[in-house]
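Enquirer:
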Amino acid sequence: MHSLLPLKTQVRRYARTLAGYFPAPFTRDESNGVDILGVMTPRLLNGDTLLNLNYGEVDRFTDRTRATGTLFVGIGEDFVRVATSVKRQTGERAVGTVLDRSHPGYRMLRNGQPYTGYATLFGKQYMTRYEPIRDSTGEVIGAMYVGLDVSEAWNLSIGARLALLTLAANTALLLGYGRLLQAVIPADGVSAAALPPFLQTGVVGLGLLGALLVSALVFVTTRRGLGMQLLEAKAAAEKLAAGDLTAQVHVSRRDELGQLMQAMNGISVGLASVVGNVRRASDMIALGAREIAAGNAELSSRTEAQAGSLEETASTMAQLTSMVRANAERATHANEHIASASDLAVKGGHVVGHVVNTMSLIRGSSHKIVDIIGMIDSIAFQTNILALNAAVEAARAGDQGRGFAVVAAEVRNLAQRSAMAAKEIKALITDSVGNVQTGGQLVDQAGRDMTEIVTAVDSVVALMGEITHASNEQSTGIGEVNRAIGQMDEMTQQNVALVEQVAAAAASMQEQASTLEDAVQVFRLVSDDARR
Numbered sequence: 001m002h003s004l005l006p007l008k009t010q011v012r013r014y015a016r017t018l019a020g021y022f023p024a025p026f027t028r029d030e031s032n033g034v035d036i037l038g039v040m041t042p043r044l045l046n047g048d049t050l051l052n053l054n055y056g057e058v059d060r061f062t063d064r065t066r067a068t069g070t071l072f073v074g075i076g077e078d079f080v081r082v083a084t085s086v087k088r089q090t091g092e093r094a095v096g097t098v099l100d101r102s103h104p105g106y107r108m109l110r111n112g113q114p115y116t117g118y119a120t121l122f123g124k125q126y127m128t129r130y131e132p133i134r135d136s137t138g139e140v141i142g143a144m145y146v147g148l149d150v151s152e153a154w155n156l157s158i159g160a161r162l163a164l165l166t167l168a169a170n171t172a173l174l175l176g177y178g179r180l181l182q183a184v185i186p187a188d189g190v191s192a193a194a195l196p197p198f199l200q201t202g203v204v205g206l207g208l209l210g211a212l213l214v215s216a217l218v219f220v221t222t223r224r225g226l227g228m229q230l231l232e233a234k235a236a237a238e239k240l241a242a243g244d245l246t247a248q249v250h251v252s253r254r255d256e257l258g259q260l261m262q263a264m265n266g267i268s269v270g271l272a273s274v275v276g277n278v279r280r281a282s283d284m285i286a287l288g289a290r291e292i293a294a295g296n297a298e299l300s301s302r303t304e305a306q307a308g309s310l311e312e313t314a315s316t317m318a319q320l321t322s323m324v325r326a327n328a329e330r331a332t333h334a335n336e337h338i339a340s341a342s343d344l345a346v347k348g349g350h351v352v353g354h355v356v357n358t359m360s361l362i363r364g365s366s367h368k369i370v371d372i373i374g375m376i377d378s379i380a381f382q383t384n385i386l387a388l389n390a391a392v393e394a395a396r397a398g399d400q401g402r403g404f405a406v407v408a409a410e411v412r413n414l415a416q417r418s419a420m421a422a423k424e425i426k427a428l429i430t431d432s433v434g435n436v437q438t439g440g441q442l443v444d445q446a447g448r449d450m451t452e453i454v455t456a457v458d459s460v461v462a463l464m465g466e467i468t469h470a471s472n473e474q475s476t477g478i479g480e481v482n483r484a485i486g487q488m489d490e491m492t493q494q495n496v497a498l499v500e501q502v503a504a505a506a507a508s509m510q511e512q513a514s515t516l517e518d519a520v521q522v523f524r525l526v527s528d529d530a531r532r
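In full-length UniProt numbering, the protein residues as written are 1 to 532.
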């Protein structure tokens, strides 16, 4: 049903019409719900009639008015469609869906107020009217919707509308003229009924003919003056809607219509400039995204290689740490052994010192023995001399001294034997003294060598102590280096993960840039024609 009334007025009337289909009070029953495409909805009742999935009244309303109707039931903070004549592009009814909370009518319905305005539903634009449904207590339990498809609304051309208005105005003037004629003629004493019928019909016919001629003239003039330019503007607007920003309207007027067409040309130029800037920006973004993706791929490869090298370095440092720690332990044990050897060398030095002292005493005793042997040798020599003298005297005495001569001979033999023994003992003692002296020299040399050995051992002990200390410090340092390398390895692994995330983000950015390029390529610019 088409009407010359404004769309808002029409949709308000249709809302009253749809409300008339439900005269009984509305109630909502939440105890026993109705499943609508997987959504459990409360029962919406009008009197005793269940409205969930009940399309009878809304279809009858649509058949009568060609407007769409919907009944919503409130669930918490949402409004869910339970009965509707609105259909999706697939032809299915749009039941079980909720009213978007961003819809401007949502907040007004929550506040118990109606809403009238444009809305796009499933690819079509409607002039809509939303009114709250209340129960007997005044609580908002649902909503009622009426929508008028704008594309199917009555849309007469300007020329036709002016022609209709002119025809209506001329008809009104003609009727007023006829009434005036009827009122004036009796005043002159002539009855209106006395006029011939053909004259009455002719006057009315001529008036109607004149009204039709004036309406046709207005239609043709308006079509030539306005309609053609409006059709041209419509074609340009359709091109703009299709993405062709090269569309321009020839403007030959300076009135409001000319200003509107000039504004449309400005929109085309402005959009072309914006789209051109967006294209250039999208090209730069795409180029930057590709460069970032390539750089991240190379960085990812290098980071992975670095992570592998650090992992190998960490393993090598762990082995080196183990070896240094083992060497430090060995150096500590060696230091302990050398310290024990140093103690033994010191003790050996003391023993050699005692031996040197003892050898000195032996050497002194040997000299005394030599002196004693010399004295014995001297006594033997003197005894031999005395025995010789005694033998001489015994020989002089003759037979009386013969016994004494025997004794003297024996004494002389003893003296000689004592002298020989003393001589042998002296030779042995001399050899012993020489050996003692040689041994003393050797012991002295051994003492000096032992002293040098003790000094060298002390130096070795000091060096081993320094080596042990250095090994411990080296072990500690390598342990710290190993921990640092471990931390670097962990950070590198984290960097690898971050680089992978950045690479994924760069790939997503590149994909979005490609999508943006494809979206912008929908528009046609003057520069595109120049490149062709």
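Heads up, the beta-carbon is just placed ideally off N, CA and C, and yes, glycines get one too.
Whole angstroms are fine: how far does the CA of LEU271 sit from the CA of GLU232?
Expert: The residue given as residue 232 occupies position 232 in the sequence shown. The residue given as residue 271 occupies position 271 in the sequence shown. If you take the alpha carbons of GLU232 and LEU271, they lie about 19 Å apart.
Enquirer: At the level of alpha carbons, what is the spacing between ASP449 and ALA314?
Expert: To locate residue 449, count along the sequence shown from 1; it is residue 449. To locate residue 314, count along the sequence shown from 1; it is residue 314. Taking the straight line joining both Cα atoms gives about 50 Å.
Enquirer: GLN89 bridges to which residues according to DSSP?
Expert: As a position in the sequence shown, residue 89 is number 89, starting the count at 1. Partner(s): none; GLN89 has no beta bridge.
Enquirer: Got a sec, what are the start and stop residues for the beta strand (DSSP E) GLY117 sits in?
Expert: If you number the sequence shown from 1, residue 117 lands on position 117. Run containing GLY117: 115 to 121, per the beta strand (DSSP E) assignment.
Enquirer: DSSP three-state label for THR97, please.
Expert: Taking the first residue of the sequence shown as position 1, residue 97 is located at position 97. Of the three classes helix, strand and coil, the one that applies to THR97 here is coil, per DSSP.
Enquirer: DSSP three-state call for GLU30: helix, strand or coil?
Expert: As a working mapping, residue 30 is identified with position 30 in the sequence shown. Strand, per DSSP.
Enquirer: Is any non-hydrogen atom of the ligand ZN found closer than 7 Å to the C-beta of MET127, if you look at the structure I gave you?
Expert: The ligand ZN is not among the ligands present in this structure, which contains no ligands whatsoever.
Enquirer: Does DSSP classify ALA192 as helix, strand or coil?
Expert: Against the sequence shown, residue 192 aligns to sequence position 192. Confidence in ALA192 is poor, its pLDDT being 48 and thus under 50, which makes the residue's placement unreliable; the coordinate value appears in the next sentence. It is helical.
Enquirer: Can you list, in chain order, the residues of its chain whose CB lies under 6 Å from that of ALA216, leaving out five sequence neighbours each side?
Expert: Translated into the one-based positions of the sequence shown, residue 216 becomes position 216. Within the same chain, ALA216 has no close Cβ partners at all.
Enquirer: Say whether the segment 20 to 28 touches the segment 45 to 53, bearing in mind that this needs 3 or more beta-carbon pairs closer than 8 Å, one atom from each stretch.
Expert: Yes: the two stretches touch, three or more of their Cβ pairs being nearer than 8 Å.
Enquirer: Would you please state the rounded distance, in angstroms, between the beta carbons of ILE485 and LEU310? I believe it to be under 8 Å.
Expert: For the purposes of this step, residue 485 is identified with residue 485 of the sequence shown, where counting begins at 1. For the purposes of this step, residue 310 is identified with residue 310 of the sequence shown, where counting begins at 1. Yes, they are in contact, since the Cβ atoms of ILE485 and LEU310 sit about 7 Å apart, within 8 Å.
Enquirer: Taking the Cβ atom as the reference point for each residue, do VAL370 and ILE429 lie within a distance shorter than 8 Å?
Expert: What you label residue 370 is simply residue 370 of the sequence shown in a count that begins at 1. What you label residue 429 is simply residue 429 of the sequence shown in a count that begins at 1. Yes, Cβ-Cβ distance for VAL370 and ILE429 is below 8 Å.
Enquirer: So the alpha helix (DSSP H) PHE61 belongs to, where does it begin and stop?
Expert: Here residue 61 refers to the residue found at position 61 of the sequence shown. Per DSSP, PHE61 belongs to the alpha helix (DSSP H) from 56 to 65.
Enquirer: Round the Cβ separation of GLY69 and VAL146 to the nearest angstrom and send it over; I've been treating them as touching at under 8 Å.
Expert: In the sequence shown, the residue the question calls residue 69 occupies position 69. In the sequence shown, the residue the question calls residue 146 occupies position 146. Their Cβ separation, rounded to whole angstroms, is 6 Å, which keeps GLY69 and VAL146 in contact under 8 Å.
Enquirer: To which residues of the same chain is ARG134 closer than 8 Å at the C-beta, ignoring the five residues directly before and after it?
Expert: Mapped onto the sequence shown, residue 134 falls at position 134. Answer for ARG134: PHE26, GLY112, VAL140, ILE141, listed in chain order.
Enquirer: Please give me, in chain order, every unbroken run of the alpha helix (DSSP H) with length at least 4 that falls completely inside the segment 352 to 397.
Expert: Runs found: none.
Enquirer: Distance check for THR41 and SER31, CA to CA, integer angstroms please.
Expert: What you label residue 31 is simply residue 31 of the sequence shown in a count that begins at 1. What you label residue 41 is simply residue 41 of the sequence shown in a count that begins at 1. The straight-line gap from Cα to Cα measures roughly 10 Å.
Enquirer: Residue range of the beta strand (DSSP E) that PRO132 falls in?
Expert: One-based indexing of the sequence shown puts residue 132 at position 132. It spans 124 to 134 - the beta strand (DSSP E) in which PRO132 sits, taken as one unbroken run.
Enquirer: What's the C-alpha gap between VAL496 and GLU304?
Expert: Position 496 of the sequence shown, counted from the start, is the residue given in the question as residue 496. Position 304 of the sequence shown, counted from the start, is the residue given in the question as residue 304. Cα-Cα distance, rounded: 6 Å.
Enquirer: To the nearest angstrom, how far is the alpha carbon of PRO6 from that of ALA263?
Expert: Your numbering for residue 6 matches position 6 in the sequence shown. Your numbering for residue 263 matches position 263 in the sequence shown. Cα-Cα distance, rounded: 25 Å.
Enquirer: Is the Cβ-Cβ distance between VAL433 and VAL346 less than 8 Å?
Expert: Position 433 of the sequence shown, counted from the start, is the residue given in the question as residue 433. Position 346 of the sequence shown, counted from the start, is the residue given in the question as residue 346. Going by C-beta atoms, VAL433 is not nearer than 8 Å to VAL346.
Enquirer: Do you know how far the Cα of SER136 is from the Cα of VAL39?
Expert: Here residue 39 corresponds to residue number 39 of the sequence shown, with the count starting at 1. Here residue 136 corresponds to residue number 136 of the sequence shown, with the count starting at 1. Whole-angstrom Cα-Cα distance: 26 Å.
Enquirer: Pick helix, strand or coil for ALA143, following the three-state DSSP scheme.
Expert: For this step, residue 143 is matched to residue 143 along the sequence shown. Of the three classes helix, strand and coil, the one that applies to ALA143 here is strand, per DSSP.
Enquirer: Quick one: residues in its chain with C-beta nearer than 8 Å to the C-beta of ASN296, no 5 flanking neighbours on either side, listed in chain order?
Expert: In the sequence shown, the residue the question calls residue 296 occupies position 296. Within the same chain, ASN296 has close Cβ partners VAL499, VAL502, ALA503, ALA506.
Enquirer: Is ASP48 helix, strand or coil by DSSP?
Expert: Sequence index remark: in the sequence shown, residue 48 carries index 48 (1-based). If DSSP states are grouped into helix, strand and coil, ASP48 belongs with coil.
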